[in-house]
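Peer 1: Here it is: the structure, laid out below.
Protein chains in written order, with the numbering used here: chain L, -7 to 105; chain Y, 64 to 174.
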C-alpha cells in the first residue's frame, strides 16, 4: 500500500516552460488536494477535487490548472512557469468522512529559474 | 473557515511532556480539530483528531474544553525525533473542506 505518490520529486524549470506534476493514490479516496509550501510558511491550497471529473479552486489557484480524469490521479499543471512558483508542492487525499485526516505525499521540490 | 492561533515555537527537553495550545474562537458546530506533524522535507502527517473532551491514541492526547474555543495537543515524554512543526486545523471533516494551514508551532526537543 503506497499511499500517496508524487512524481517527480525534484524539478528545475526555466521561466516560461510548462510541466505537469502527478499525484497518485491507491486508497480509493474521493477527495484530493494540491498544496504549495514556501520556506517557513504553512501550506496553501491551490486546487482540490471532490471526485473524478470535478475540480475547484483553492486559496492560490492563479497560474495553475488541474485535472482529475481518474479517481486515483490528480494532475497539477503549470502552463508558463514563473520564479514565484518556486516552492514545494504537496498532494493529499482523504475519504469523504474525513476520519484520520489527510494523507500527504512526500512532495515535489520545484525551482523556476 | 475557523482561524487558528498557535505559538510560533517551543523548546522542550527529552523525556518531558509537551503541551501545545491552539486557539480557535470562531469554531463552527460541525468543525473538528485535527493536528498534523511535519518533519523537514516531508509532507504533514496526521496525529490526532477530536470534537470535544479528550481523545487519546498511541502518539498523543487532545484536550478540548467544553466551549471548544481552544484545544491542547499533549505529547508525553518527547524524544529528539519529535522535533517538528505541529499544525492545528479546524474544519468539517465530512466535507471537502479547504483546510487552512497556519504557520504551525516549531517544537524543538533538546537533549
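Idealized CB from N, CA, C, for every residue including glycine. Since the structure is predicted, the reported quantities are computational estimates derived from the model, not experimental observations.
Measuring only the C-alpha atoms, how far is residue 22 of chain L from residue 63 of chain L?
Peer 2: The residue labelled residue 22 of chain L in the question sits at position 30 within the first chain. The residue labelled residue 63 of chain L in the question sits at position 71 within the first chain. When rounded, the distance between both Cα atoms is 7 angstroms.
Peer 1: Can you round the beta-carbon distance between residue 135 of chain Y and residue 171 of chain Y to whole angstroms, since I take them to be within the 8 angstroms contact cut?
Peer 2: Locating residue 135 of chain Y in the second chain gives position 72, counting from the first residue. Locating residue 171 of chain Y in the second chain gives position 108, counting from the first residue. In fact, because the Cβ distance is near 19 angstroms, the residues do not count as touching under 8 angstroms.
Peer 1: Given residue 78 of chain Y, which residues of its chain have a CB within under 6 angstroms of its CB, disregarding the five upstream and five downstream residues?
Peer 2: On the second chain, residue 78 of chain Y is found 15 positions in, with the first residue counted as 1. Same-chain partners within the cutoff: 140.
Peer 1: Need the endpoints of the beta strand (DSSP E) that residue 94 of chain L sits in, please.
Peer 2: Counting from 1 along the first chain, the entry for residue 94 of chain L is found at position 102. Counting along the chain, residue 94 of chain L falls outside any beta strand (DSSP E), and DSSP gives it neither H nor E.
Peer 1: Which residues mark the beginning and the end of the beta strand (DSSP E) in which residue 97 of chain Y is found?
Peer 2: The residue given as residue 97 of chain Y occupies position 34 in the second chain. 95 to 101 is the span of the beta strand (DSSP E), which, as asked, contains residue 97 of chain Y.
Peer 1: Can you find the residues in the same chain that come closer than 6 angstroms, C-beta to C-beta, to residue 69 of chain L, ignoring five residues on each side of it along the sequence?
Peer 2: On the first chain, residue 69 of chain L is found 77 positions in, with the first residue counted as 1. Within the same chain, residue 69 of chain L has close Cβ partners 12 and 57.
Peer 1: At the 8 angstroms Cβ level, is residue 97 of chain Y part of the contact set with chain L, yes or no?
Peer 2: Taking the first residue of the second chain as 1, we reach residue 97 of chain Y at position 34. Yes, residue 97 of chain Y lies at the interface with chain L (some Cβ there is under 8 angstroms from its Cβ).
Peer 1: Output, in chain order, the set of chain Y residues within a Cβ distance shorter than 8 angstroms of residue 99 of chain L.
Peer 2: Counting from 1 along the first chain, the entry for residue 99 of chain L is found at position 107. Residues of chain Y passing the Cβ test: 104, 105 and 106.
Peer 1: Please report the residue range of the beta strand (DSSP E) in which residue 23 of chain L lies.
Peer 2: Here residue 23 of chain L is taken as the residue at index 31 of the first chain, counted from 1. Looking at the DSSP string, the run of the beta strand (DSSP E) that includes residue 23 of chain L is 23 to 29.
Peer 1: Quick one: what's got a C-beta closer than 8 angstroms to residue 123 of chain Y's C-beta in the same chain, skipping five residues either side?
Peer 2: The count along the second chain starts at 1 and reaches residue 123 of chain Y at position 60. Here the set comprises 98, 110, 111, 136, 137, 138 and 139.
Peer 1: Between residue 150 of chain Y and residue 34 of chain L, which are expected to be in contact by the criterion C-beta below 8 angstroms, what is the C-beta distance as a whole number of angstroms?
Peer 2: In the second chain, residue 150 of chain Y corresponds to position 87, counting from 1. In the first chain, residue 34 of chain L corresponds to position 42, counting from 1. Rounded, the Cβ-Cβ distance is 7 angstroms, consistent with contact.
Peer 1: Alpha carbons only, please: which of L:-4, L:5 and L:88 is nearest the one belonging to residue 79 of chain L?
Peer 2: Locating residue 79 of chain L in the first chain gives position 87, counting from the first residue. Closest option to residue 79 of chain L, Cα to Cα, is L:5.
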